[in-house]
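Peer 1:
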Amino acid sequence: MKQLEEVFKKQQESRELEKSGDGQQDTAFIKFYLNDSPCITPIQSVKEILEYRSITPYPLDSNCHRGIINLRGNIIPIYNDDFTREDYKKRIIIFEPIANLLFGIVGSNVKRVFISEETYNSQNCHNGDVITFENTPFKYFSGQDQMTAEERLK
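Here our numbering runs 14 ahead of the position in the sequence shown, where the first position is 1.
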């Protein structure tokens, strides 16, 4: 629980920098895995991170839409869940690409926030781009463009 509090504190700091105009460069990221691929996302893209919970599947099969969860009365679509994989470290990462429009993905091995010595301008990075942090390649996932995010998760 302390890790999640740290995430929200860093997220708030990042959003305050963004509002002031000084936050053009992203330096605070969350590491996670999507289908065994290492990914990072800027902390300001994340609305919240939840413990894994059961997902209500859609009645029809879809490539990337896996189901929904009820989050405090809001129905949130969830993408890319690998139902065959048992992983006690799974988390649901909720993104808010457009005001009041939420969607989630299931990431495994979600790591706490890390502050990078390197900076990236999020306007120059797109979902699925491979960028290198600390000599490790990661797929960039911002969640800012839901349609692009859906395409990358297929």
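For glycine and all other residues, C-beta sits at the position ideal for the given N, C-alpha and C.
If you're wondering where the values come from, they're calculated on a predicted model, not measured in any experiment.
1. So residue 87 packs on residue 69, CB below 8 Å; how close in whole Å?
2. What residues in its chain sit with their C-beta under 8 Å from that of residue 152, if we drop five residues either side in the sequence?
3. Within a Cβ cutoff of 6 Å, which residues of the same chain sit near residue 62, ignoring the five residues on either side of it in sequence?
4. Whole angstroms are fine: how far does the CA of residue 42 sit from the CA of residue 57?
5. Count the other CB atoms within 10 Å of the CB of residue 90; is the residue buried (16 or more) or exposed (fewer)?
6. Which residue's Cα is closest to the Cα of residue 141: 154, 129, 149?
7. According to DSSP, simplified to helix, strand and coil, what is residue 149?
8. Expressed to the nearest angstrom, what Euclidean distance is found between the alpha-carbon atoms of residue 156 and residue 129?
9. Buried or exposed, going by whether 16 or more other CB atoms sit within 10 Å of the CB of residue 93?
10. Determine the DSSP secondary structure at residue 88, reduced to helix, strand or coil.
11. Would you mind giving the Cβ-Cβ distance between residue 66 and residue 106, rounded to the nearest angstrom? I have them listed as a contact below 8 Å.
12. Identify, in the order they occur along the chain, each residue of the same chain with its Cβ nearer than 6 Å to the Cβ of residue 139, setting aside the five sequence neighbours on each side.
13. Can you give the Cα-Cα distance for residue 149 and residue 74, rounded to whole angstroms?
14. Since residue 109 sits in a beta bridge, which residues does DSSP pair it with?
Peer 2: On the basis of the supplied data:
1. With 8 Å as the limit, residue 87 and residue 69 do not qualify as a contact, their Cβ atoms being about 17 Å apart.
2. 45, 52, 53, 54, 144, 145, 146
3. 108
4. 6 Å
5. buried
6. 154
7. coil
8. 16 Å
9. buried
10. strand
11. 6 Å
12. 154
13. 42 Å
14. 60, 117
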